[in-house]
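These notes concern the structure reproduced below.
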Amino acid sequence: MQQLAEKDLELKEKQEELEAQRGMLSAALDEAMKYNESLTKTLEELKIRNSELERLLYHSSHSLRSPVTSMLGILNLMEAEKDLHLSSSYSNHMMSNAKRMLDVLNALSTLYKLTTKDLHLSEINIDQTLRKVIDSQQAVAASNNVTLHYSMNDPAPMISDPDLLTELVKQVVQNGIYFRNTNVAGLVQVVGKIDEGLLHLDILDDGDGIAPEIEANIFDIFFRGSEKSGGSGLGLYIARKICLLLGGSISFSREYDKTTFSIELPTKY
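One gets the working numbering by counting positions in the sequence shown from 1 and adding 1 to each.
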């Protein structure tokens, strides 16, 4: 009887040991699966970034090559021509091309900062911040025959990254300024409100509008709806990237000849 009891005890101890080992193995397996999921997610993110980088390099070289080639052609014409009136016209073309290059370089610089920047959260006076953005764009708006209008209902403090918020609004406002016929007076309106923990911003413009066939592409990198546009083709891509970084969203709607970009951001990130 005693031997039987001892064997039962030994068997029970081995069973408990096996259960413990099984538990450890199960925990290790769960950990390995979590690590594998994390690794898979990281690889997918790297693939996306690599794809974006390839497109960025291709399109940026193309966007800079075009104005540089144009400027070289103009310089050759200026070298051949001695007419001062023609030289003045050539200079204006060169200035326009130089500005296009600067716009692309500035946008690329902003995009680089977004990929390397850590969020710096602080309390923001949203009304003051938006007014500063509007004021900073008054000169470029006036040169494109555009009036800027801003209104904010019941402004309240919010916790977010002030630099990113400023850049976000600037990019969408500039989109409304650039994509239009500058021979006709235009209007860009920024209308804001805070409701149920969200900042709602509507940026309305009466520019060229968005044709149905390009709706799916307007947030793509280096996409421009019209070749006559003075923009870099990076503005809305940058805007969407910032929205995602700040935990928000951006969308658009059309009504007749007006386009509205709607931004939603949490007031406490």
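Think of the CB as a built atom: it goes at the ideal place given N, C-alpha and C, for glycine as much as any other residue.
Going by the DSSP bridge assignment, what does residue i pair with across the sheet?
| i | result |
| --- | --- |
| I204 | V191 and F262 |
| S254 | T261 |
| P267 | L199 |
| M34 | Its beta-bridge partners do not exist; DSSP assigns none. |
| M159 | I125 |
Taking the alpha carbon of residue i as the point to measure from, which residue in the options has its own alpha carbon closest?
| i | options | result |
| --- | --- | --- |
| D203 | Y270, T117, G177 and E14 | G177 |
| L131 | P213, V191 and Y179 | V191 |
| G248 | I222, L169 and V174 | L169 |
| M102 | L235, S263 and N145 | L235 |
| D128 | L200, T260, L109 and K118 | L200 |
| S161 | K259, P267 and E38 | P267 |
| S233 | Y179, T167, K114 and S71 | Y179 |
| N218 | N184, V189, D31 and F253 | F253 |
| H121 | S250, L246 and G24 | L246 |
| K269 | E124, F223, L149 and E20 | E124 |
| K259 | I135, K35 and A212 | A212 |
| G198 | V147, A28 and E265 | E265 |
| A108 | S250, F223 and E14 | F223 |
| T167 | A143, K133 and D31 | K133 |
| V105 | I251, C244 and R225 | R225 |
So, with DSSP's three-state summary, where would you put residue i?
| i | result |
| --- | --- |
| L122 | coil |
| T70 | helix |
| V147 | strand |
| S110 | helix |
| N218 | helix |
| N154 | strand |
| N77 | helix |
| I135 | helix |
| G226 | coil |
| I211 | coil |
| L237 | helix |
| A21 | helix |
| T183 | coil |
| L247 | coil |
Can you tell me the Cβ-Cβ gap for residue i and residue j, rounded? I've got them flagged as a contact below 8 Å.
| i | j | result |
| --- | --- | --- |
| T111 | I215 | The pair is not a contact, with the Cβ atoms about 23 Å apart (cut-off 8 Å). |
| D164 | G187 | Between G187 and D164 the Cβ distance is about 28 Å, and since that is not below 8 Å, they are no contact. |
| D155 | N182 | Actually they do not touch by this definition, with Cβ atoms about 36 Å apart. |
| F262 | V173 | 5 Å |
Leaving out the 5 sequence neighbours to the left and right, which residues in its chain are closer than 8 Å to residue i when beta-carbon positions are compared?
| i | result |
| --- | --- |
| S137 | K171 |
| N126 | P156 and P158 |
| K242 | L112 and L115 |
| Q175 | Q138, V141, G232 and G236 |
In its own chain, which residues sit with a C-beta less than 7 Å from the C-beta of residue i, not counting the 5 before and 5 after it?
| i | result |
| --- | --- |
| D221 | Y238 |
| S152 | V192 |
| R255 | G210 and I211 |
| D196 | none |
| S250 | C244 and E265 |
With a threshold of 7 Å (Cβ to nearest heavy atom), would residue i be considered close to the ligand GTP?
| i | result |
| --- | --- |
| L200 | Only the bare structure without any ligand can be found here, which leaves the ligand GTP out of the picture. |
Using a Cβ-Cβ cut-off of 6 Å (strictly less than) and excluding sequence neighbours within five positions of residue i, which residues of its own chain qualify?
| i | result |
| --- | --- |
| V185 | none |
| K1 | Here the chain comprises residues numbered 2 to 270, so residue 1 is not present and cannot be evaluated. |
| N145 | I178 and T183 |
Is the CB of residue i under 8 Å away from at least one CB in chain C?
| i | result |
| --- | --- |
| G249 | Here there is only one protein chain, and chain C is not present. |
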